[in-house]
Amino acid sequence: GDSVTQTEGQVALSEEDFLTIHCNYSASGYPALFWYVQYPGEGPQFLFRASRDKEKGSSRGFEATYDKGTTSFHLRKASVQESDSAVYYCALARGSALGRLHFGAGTQLIVIP
Amino acid sequence: EAAVTQSPRNKVAVTGGKVTLSCNQTNNHNNMYWYRQDTGHGLRLIHYSYGAGSTEKGDIPDGYKASRPSQENFSLILELATPSQTSVYFCASGDAGGSQNTLYFGAGTRLSVL
Numbered sequence: 001g002d003s004v005t006q007t008e009g010q011v012a013l014s015e016e017d018f019l020t021i022h023c024n025y026s027a028s029g030y031p032a033l034f035w036y037v038q039y040p041g042e043g044p045q046f047l048f049r050a051s052r053d054k055e056k057g058s059s060r061g062f063e064a065t066y067d068k069g070t071t072s073f074h075l076r077k078a079s080v081q082e083s084d085s086a087v088y089y090c091a092l093a094r095g096s097a098l099g100r101l102h103f104g105a106g107t108q109l110i111v112i113p
Numbered sequence: 114e115a116a117v118t119q120s121p122r123n124k125v126a127v128t129g130g131k132v133t134l135s136c137n138q139t140n141n142h143n144n145m146y147w148y149r150q151d152t153g154h155g156l157r158l159i160h161y162s163y164g165a166g167s168t169e170k171g172d173i174p175d176g177y178k179a180s181r182p183s184q185e186n187f188s189l190i191l192e193l194a195t196p197s198q199t200s201v202y203f204c205a206s207g208d209a210g211g212s213q214n215t216l217y218f219g220a221g222t223r224l225s226v227l
């Protein structure tokens, strides 16, 4: 079945560091890929999505590029801030069932001021 | 702004008891979803609905029922709660399809089954 793997359970960085959170997926065809962010005490919030090979999604300084060759959708940000501390989820969905998201386990980002 | 409200926010239940988690959305979205969140698993889909009167099984439906009596309301029902159902539950609404597919999540319900 479809699945999403996030290899880092937790990432700790200092402010202004470069961020990479790895996301790899397993699914046939071209699923839509998403990043969601969850702040403490809140539900996940949509960050951005991509649905075609080489398409770049971006929002709030975060970006990721859909790579079918490596089945990846890694999240990157050039310079993190303390306010970026949150849990980040990579997810995938298929075609007509776009609301049926399959989430990765999540990566907690801690940014130290 | 999109609004999904869950109640209660916290619930303690006894093993074997019945638990109902409620969700209300004011987005006029057709689709609603129930997910549970557990460390190491992320969020997993329990049940979902395409509109009033419809419910569908998600990836982990065993031990749960769902009810969608209206466009705005979607409930998750645990008829016989078990400790393994201790988790944080999230409701979401959305209109799947199109270029702006986005799920809007509520703030969650923390359920402890003792």
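So the protein lines, in turn, are chains B and R. According to our numbering, the first sequence is numbered sequentially starting from 1. According to our numbering, the second sequence is numbered sequentially starting from 114. Quick reminder that beta carbons are idealized off the backbone N, C-alpha and C, glycines included.
List the whole-angstrom C-beta distance separating residue i from residue j, where the pair is believed to meet the contact cut-off of C-beta under 8 angstroms.
i, j, result
"Val11 of chain B", "Tyr25 of chain B", "Wrong, their Cβ atoms sit about 19 angstroms apart, outside the cutoff."
"Leu191 of chain R", "Ala179 of chain R", "Rounded, the Cβ-Cβ distance is 11 angstroms, inconsistent with contact."
"Ala205 of chain R", "Tyr163 of chain R", "At roughly 14 angstroms, the Cβ-Cβ gap does not stay under 8 angstroms, so Ala205 of chain R and Tyr163 of chain R are not in contact."
"Phe218 of chain R", "Phe203 of chain R", "5 angstroms"
If we define contact as Cβ-Cβ less than 8 angstroms, is residue i a contact residue for chain R?
i, result
"Pro44 of chain B", "yes"
"Leu109 of chain B", "no"
"Leu13 of chain B", "no"
"Ala105 of chain B", "yes"
Go through its chain and collect everything with a Cβ distance to residue i's Cβ below 6 angstroms, but skip five positions before and after it.
i, result
"Val201 of chain R", "Gln150, Gly221 and Arg223"
"Ser59 of chain B", "Leu47 and Phe48"
"Ser14 of chain B", "Ile112"
"Asp17 of chain B", "Val80"
"Ala116 of chain R", "Thr139"
What residues in its chain sit with their C-beta under 8 angstroms from that of residue i, if we drop five residues either side in the sequence?
i, result
"Ala91 of chain B", "Val4, Leu33, Phe34, Trp35, Tyr36, Leu101, His102, Phe103 and Gly104"
"Pro174 of chain R", "Ile159 and His160"
"Val127 of chain R", "Ala194, Val226 and Leu227"
"Ala165 of chain R", "Arg181, Pro182, Ser183 and Gln184"
"Gly99 of chain B", "Ala93"
"Tyr30 of chain B", "Ser51, Arg52, Asp53 and Lys68"
Consider the Cβ of residue i: report whether some Cβ of chain B lies at a distance smaller than 8 angstroms.
i, result
"Ala126 of chain R", "no"
"Leu216 of chain R", "yes"
"His154 of chain R", "yes"
"Leu158 of chain R", "yes"
"Phe187 of chain R", "no"
"Asn137 of chain R", "no"
"Tyr161 of chain R", "yes"
Compute the distance between the beta-carbons of residue i and residue j, then report whether it is under 8 angstroms.
i, j, result
"Gly155 of chain R", "Tyr89 of chain B", "yes"
"Thr116 of chain B", "Gln6 of chain B", "Only positions 1 to 113 of chain B appear in this structure, which leaves residue 116 of chain B out of reach."
"Thr118 of chain R", "Asn137 of chain R", "yes"
"Arg76 of chain B", "Ala64 of chain B", "yes"
Excluding the 5 residues flanking residue i on each side, which residues of the same chain have their C-beta closer than 7 angstroms to its C-beta?
i, result
"Glu82 of chain B", "Glu15, Val111 and Pro113"
"Gln213 of chain R", "Confidence at Gln213 of chain R is low in this model, with a pLDDT of 49, below 50, so the placement of that residue is unreliable and no value is reported for it."
Rank the options by C-alpha distance to the C-alpha of residue i and give the top, closest one.
i, options, result
"Gly130 of chain R", "R:Pro196, R:Gly219 and R:Phe203", "R:Pro196"
"Gly57 of chain B", "B:Phe73, B:Thr20 and B:Pro44", "B:Phe73"
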